[in-house]
Structure formats: structure tokens, C-alpha cells
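Heads up, the thing below is written out as C-alpha cells.
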Amino acid sequence: MAHPTDPDTSAPRRRWGPLVFAALLALAMLVYAWSVMGIARGLTDWLLILPVALIGAVAALWAGVADMKPLTGLAKTVERTWGEDTKPILLLVLTGAYACAAPFAGFDVGTAVFILLALLLQGERSWWKLALASLAGAALMTWIFTDLLSVRLPTLLF
Amino acid sequence: MLDLTALSDAFTLLGSDPLAWLVVIPGLLIGLIFGAIPGLSISIAMAVFLPATLYMDFLPAILFLTAIFTGGGFGGAVPAILMNIPGTSSAVATAFDGYPMSQQGRHGEALGAGLVASAIGTLFGYIILLFLVSPVASWVLQLGPTEMLVVAIWGLLLIAVLNDSSVAKGLAAGMLGILISTIGYSDTGLMRGTMGSMYLLDGIPAIPALIGLFAASELINMTGRDYLVADREMRKMRLRPILSGAADTLRNWPSVLRGSALGTLIGIIPGVGASVANLASYAAAKRLSDDPASFGRGNMDGVVASESANSSSEGGGMVTLLALGLPGGAGTAILLGAFAMHNVTGGPRFISQNTDVVYALILGNIVQAILLLGVGLVFVFLASSIVKIRLSYLIPFVLSVSMMGAYAITGSMVGPFTVAGAGALGWVMRRYGFPVTATVVGLLIGPMAEGELTRSWQISGGDPAFLLTRPITLVMLAILAVILSVLLLSRRRGRALSA
Chain W
1 MAHPTDPDTS APRRRWGPLV FAALLALAML VYAWSVMGIA RGLTDWLLIL
51 PVALIGAVAA LWAGVADMKP LTGLAKTVER TWGEDTKPIL LLVLTGAYAC
101 AAPFAGFDVG TAVFILLALL LQGERSWWKL ALASLAGAAL MTWIFTDLLS
151 VRLPTLLF
Chain Z
1001 MLDLTALSDA FTLLGSDPLA WLVVIPGLLI GLIFGAIPGL SISIAMAVFL
1051 PATLYMDFLP AILFLTAIFT GGGFGGAVPA ILMNIPGTSS AVATAFDGYP
1101 MSQQGRHGEA LGAGLVASAI GTLFGYIILL FLVSPVASWV LQLGPTEMLV
1151 VAIWGLLLIA VLNDSSVAKG LAAGMLGILI STIGYSDTGL MRGTMGSMYL
1201 LDGIPAIPAL IGLFAASELI NMTGRDYLVA DREMRKMRLR PILSGAADTL
1251 RNWPSVLRGS ALGTLIGIIP GVGASVANLA SYAAAKRLSD DPASFGRGNM
1301 DGVVASESAN SSSEGGGMVT LLALGLPGGA GTAILLGAFA MHNVTGGPRF
1351 ISQNTDVVYA LILGNIVQAI LLLGVGLVFV FLASSIVKIR LSYLIPFVLS
1401 VSMMGAYAIT GSMVGPFTVA GAGALGWVMR RYGFPVTATV VGLLIGPMAE
1451 GELTRSWQIS GGDPAFLLTR PITLVMLAIL AVILSVLLLS RRRGRALSA
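The listed protein sequences correspond, in order, to chains W and Z.
Counting in this note's numbering, the first sequence runs from 1 upward without gaps.
Counting in this note's numbering, the second sequence runs from 1001 upward without gaps.
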């Protein structure tokens, strides 16, 4: 039975993630070029786009295939696992939700909720720090943008 | 070359108008603050304060706006160095080495170096302007679309130079940036990639995309860490490192002068400006360095090259504004608006009839560059306290400011959506080793590349032999080919040595 501290003797695994990302990137570039070609009225409409998309797609696929090789040595040690990426992914989702909610909740309320949830996600548990940072922080930022810089931000309370 | 009578009149003009001096320090501070807030920009600051100049005389009005321009030129470097967030597109290359320096606890040195390089760059640009404003006017007129296209291809070449991963990844990321920049209405009136959304008619806004790719993705990547600078001792604010960085920059004067010269030259070309100057200068510094591998890992020369070039390009941009009445970028476009507000039209006639005013403007800006050293020193000392803030607090606050700043730029939710979308794209790209820098470079040069390619095609009728009639283009292409060959060969040699 293998001991948990034994060196990793499992067979090196191919990395499919980079290839999937590169393939999606290449596909997006080619679909975009195809869509432009479809509506183009003349050569100048796609003169830059077509060659750029072709070069980009080939380069992305090349990079994806090259990255399939199993990692060895130091690169293998420092590679981040998806488990380590849970917090960043949740923060990405939270940022997207903040952008989607801002037109309805306003930047004042939306920012307060975003700061509160982002702090909770990163381990802050002191209720007064959470309240101070989210409420006072959001109020200060909204005031700076709306009153000081005269930016017409969508707001709910201000 | 220099009209001494007009120069003497310029001194008299500056001496007789105290307002011309009173507006300088507030202008510098406004520029520094706006440049340092991610999402805001020099052009926003100049646009916001443009109405304030309506009741001023022409000279103080322009000096106030150019003080904002000068302050903002360095202000963008502060978040670039401290948080890897270029406050403006002209500070993109400053982040390449400034931020690694901050992570090593050398943020004071980086800020000091950036400040001095910026001040000398501005000074250099305006001194050159003083001597060249008349003769350069005729030279700039000779640059046509084919030459500008080569400048854009030069920008593309930077993708390969700046990329620390593979050439394939750099190319893919750069091409992605160019394609993103073509979304929206084209110059010929074609709607591309908007997916029927009216919000995308104007395309993907470059600055929010830049904030998302650089800032949001990096901030999200930092989740889980305690501070920007891990070592507590290194987080202490001291004046000495700032002064030491400043002194090192002065000792390294050839790099400062090289960056300043390149920046001034690029600034003279209309439509290029500081956003290209900082990248071109950084690439040149890396190429000429004895230790190119140290670039991107905290080499002070990288900060110096970028800051000296983006600041000196201001003076270069003023050449075309004053000599031709053509704005070289957003900042000079607002200055042109201020000219119009005061019933002044830039151009050769303006120079010949108002040489004293032109010289007064240039001299005033030279003094501004010197004042920037003092005002900037106080500003960076206060701004460097950011490394003491816990990242768990800094991340949501900076993301929120970026979202609001993006809304301020676009005036709609397109800005915040772009920040969120570009942040997600940048995070995945970073995870798989694709350089987001290349995407940003592609995004910035894309519109220029497409415009010049279309114009070149229309002028030449698609005949490549047309290039034979453009000697400047041929020389530029030859230089480009030589640089590309040297780069590819040195890259190949480097790989062979490391194998």
C-alpha cells in the first residue's frame, strides 16, 4: 500500500485543459472571422480580420498541443489545482454578479453587498469590520464618483 | 531654429500673468490623482476641467490643462507599480517591472525611479519641442498610411518581444486582442461581432478591457494572499528608497535619455502617442540590455524606459498639435478643444504669427516638469502606504473603484461588464500561460492597424509594387526585418543553452 508521503509514482498524465482552452480560443476567432466574411460588402471589411484570425487560431492550437505534454520537475510542483482555484473562481462569479446587479441595485447598494460578500469569501468574520467596510466603503466611493466627480452612476439610495 | 526675440517676449508674457503660475500645482495634483485612480484617465481629468478654463486667458488655460497632462503622465505609474494596474494605457509597460519590484518590497525605489524618469522625460520632450516645432512640421507631413502601418506592425512585433511564454501563445493572445478591437462599427460602416447588441456598436471599450485583463484578473489571482508585499519589514514607508530610486535613475542617464528620445519621436507621429511609446521604449531597453532575462522580474531599467518615454511623448504630441493642428491622442485632442474655445487654431500660421505664445507654452511646461519632482515626491510618499493594506480588503475595494471608473468612462454598463468579462478571460489566460499583455497590445494597436491597412490598400490598389515608391516605408521594413531576425535567433540560442 502506498504511503501518503511517498513520491508521486503515478504515470504522467496529459493536460487536456490547455488544449480545450486553446481550441475554444481558436474556434471563437474563426467563428468571428466567418461572421464578418458573411456580412462583408468588400475586401476592406475583412482585410485585417481574416489573416489575423487564421494566424491566431493556428498559433492557439499549436500552443494548446504543445501544452498537452505532462509537466515534470518544478513546473509540476508549482502547478495550481482546481481545488486551489475555488476562491478565485467564486470571486470571479461574484464580480460578474456585481456587474449584472448594479443597474438594478444601484452602485451604492450593489457595491456594499459586493464588498461584504467578497470579505466573507476571503475569511473576514468580524461583524463590525464587515459592516464598516461594506457600508462606509460603498458610501464613500459612491459619494466620490457621484458628487465629487459628477459621474451619473445608477444608485438606489444616493 | 530658435527665434530669440520671440523667446524674450515669451519670458515677458509668462512674467506678466501670475495666473499662468497659480494653476500649475493644482493642475499637477489633479493629473496625479486622476492618473492614479484605475478607470479614470488623463483625458477624463482634462475633459472634466476643460469648462473651468473658459474664463481664463489662453496661456493660463492651456498651462492648466498641460499641467493635468503632465501630472497624469506620472500618476498612471503609481497603481501600475503598486498594484499591477496601469492607471492609464501609457503606463502599461511600467507595470511589467514596477509591480515585481513592489512584490520584492522595492516599491519606493520603483516610484522614485518612475518619478525622476517621468520628470526628465517631460523636460526632454519640451526642450526638443522648443527647437523642433517649426522644422518637424514639414517632416511629419511625409508620413503616409504605409509608414503608419509599419509602425502598427512594429507594435505587433512587441508581442513576441514582451512574451515570456512561447511565441505561439504570444501571437494567439495578440491576435485575440486585435480581433476584440475590431468589434463594433468599422470605418466603412459595417457592424461586426455585436451580436445585435446596441451597447457594442462603439466596440469593446479599450480602457475597461485593459483594466479587466490586467487588474481584475491579477486581483482575483491574489485571493488567499495576505499582503502585496509578504515581508512585514519591507512594507514600511521610507523616504530613503524613493530618493535612492531617484538617484539611481539620474546615474542611469543614458537609459533615461534613450527612452525620452524614443518617446518624443513616437509622440510626434499623430495617432500613436504615449500608449505605444512606453511599450516601444520598454522593448528597446530589453533588447539592448546585457541581462534581458531580468526584465519582467523587477529590473528598474524597465520602469525608467517606460516612464521616460510616455512622459516625453507629451512634448512630441505637442509638436503636431502646434505645428499642424493635429491631435496625437486623447489628451492633445482636448487641448485642441481648448484652443477652439479660445478661438485659436493650431498650425504653421499659428506658429509664425504667435511664436511668443508658443514659446511661452513650452517654457511653462518645462517649469511644470521641474515642479512635478516636488509635487510627485509628496504624492508617491502618501500613495505607497497602499502596501500596508490587507489584500482581502484591497481586492474588493479596487474592483469596486474599477467598476465605477469603467462606468464613468463609457457612461453605460458596457464598462463594468467589460471589466468583469475581460477579468474572467484574463484569469483563464493567466492560468494557461497566455500573456495578457499581448492581448492588451493588440487591443490598443488594432484600430490603427486596420485603418492604415485599409488606407494603404485603397491608395495602392492592392499592388505591392507601390511600396517601392515609399522609401521611408522600405527603410522601416528593413529595420523591422533585422530586429525580428536578431530576436528569433537570440530566442533560439537561449532555448538551446537552457536545454
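Beta carbons are placed, not taken as given, at the ideal position from N, Cα and C, and that holds for glycine.
| query | result |
| --- | --- |
| C-alpha gap between H3(W) and R13(W), whole angstroms | Its pLDDT being 49, under 50, H3(W) is placed unreliably by the model, and nothing is read from it. |
| Chain W contacts made by the segment 1082–1099 of chain Z, where a contact means CB separation under 9 Å | none |
| Neighbour flag for I1033(Z) against chain W, beta carbons, 8 Å | no |
| Cβ distance (whole Å) where G106(W) is taken to contact P154(W) below 8 Å | 5 Å |
| Close-in-space but distant-in-sequence residues of the same chain around A1206(Z) (CB under 8 Å, 5 per side omitted) | S1089, S1181, L1443 and L1444 |
| DSSP state of G1426(Z) mapped onto helix, strand, coil | helix |
| For R1492(Z), the three-state DSSP class (helix, strand or coil) | helix |
| Pairwise C-alpha distance: L48(W) and E1450(Z) | 6 Å |
| Alpha-carbon to alpha-carbon, A60(W) and N1221(Z) | 23 Å |
| K129(W) versus D1226(Z) - alpha carbon distance | 16 Å |
| Stretch pair the segment 1353–1364 of chain Z + the segment 1061–1071 of chain Z: three plus CB contacts closer than 8 Å | yes |
| Partner residues on chain Z for M29(W), Cβ-Cβ distance less than 9 Å | A1172, M1175, L1176 and L1179 |
| Anticipated Cβ contact below 8 Å, V1441(Z) with G1174(Z), distance rounded | 6 Å |
| Local Cβ density within 10 Å of E84(W), reported as buried at 16 or more and exposed below that | exposed |
| Cβ neighbours of M1429(Z) in the same chain (closer than 6 Å, five flanking residues each side left out) | V1436 |
| Check whether G1031(Z) and A1067(Z) have beta carbons under 8 Å apart | yes |
| Pairwise C-alpha distance: A97(W) and T5(W) | Unreliable positioning characterises T5(W) in this predicted model, as indicated by a pLDDT of 47, which lies under 50. The coordinate reading is nonetheless provided below. Distance between the alpha carbons of T5(W) and A97(W): 41 Å. |
| Residues that DSSP places opposite M1191(Z) in a beta bridge | Y1185(Z) |
| Inter-residue CB distance, L1477(Z) and V1150(Z) (contact presumed, cutoff 8 Å) | 6 Å |
| Where A174(W) falls: helix, strand or coil (DSSP) | Residue 174(W) cannot be examined here, being either before or after the span of chain W that is shown, 1 to 158. |
| Minimum Cβ-Cβ distance from D147(W) to chain Z less than 8 Å | no |
| As assigned by DSSP and simplified to three states, the class of V1401(Z) | helix |
| C-beta neighbour in chain Z for A139(W), strict 8 Å | no |
| Helix, strand or coil at H1107(Z) [DSSP, three-state] | helix |
| is_contact[S126(W), chain Z] using C-beta, thresh 8 Å | no |
| Residue-chain proximity (F158(W), chain Z), Cβ-Cβ < 8 Å | no |
| Nearest-angstrom beta carbon gap, S1311(Z) and E1109(Z) [assumed within contact, 8 Å] | 18 Å between Cβ atoms; not a contact. |
| Option nearest A1274(Z) by Cα separation, candidates T1053(Z), F1069(Z) and I1033(Z) | F1069(Z) |
| Coil, strand or helix - V1358(Z) by DSSP | helix |
| Segment contact, 8 Å Cβ cut-off, at least three pairs: the segment 1412–1432 of chain Z with the segment 1099–1108 of chain Z | no |
| Beta-carbon gap between G1315(Z) and T1332(Z) smaller than 8 Å | no |
| heavy atom of the ligand COA below 7 Å from T1345(Z) C-beta | Summarising the ligand content, the structure contains no ligands, and the ligand COA is consequently not present. |
| Residue burial classification, L1013(Z) (beta-carbon count within 10 angstroms, cutoff 16) | buried |
| Chain Z contacts made by the segment 95–111 of chain W, where a contact means CB separation under 7 Å | T95, G96, Y98, A99, A102, P103, F107 and T111 |
| Neighbour-count burial assignment, G1015(Z), 16 or more Cβ in a 10 Å radius | exposed |
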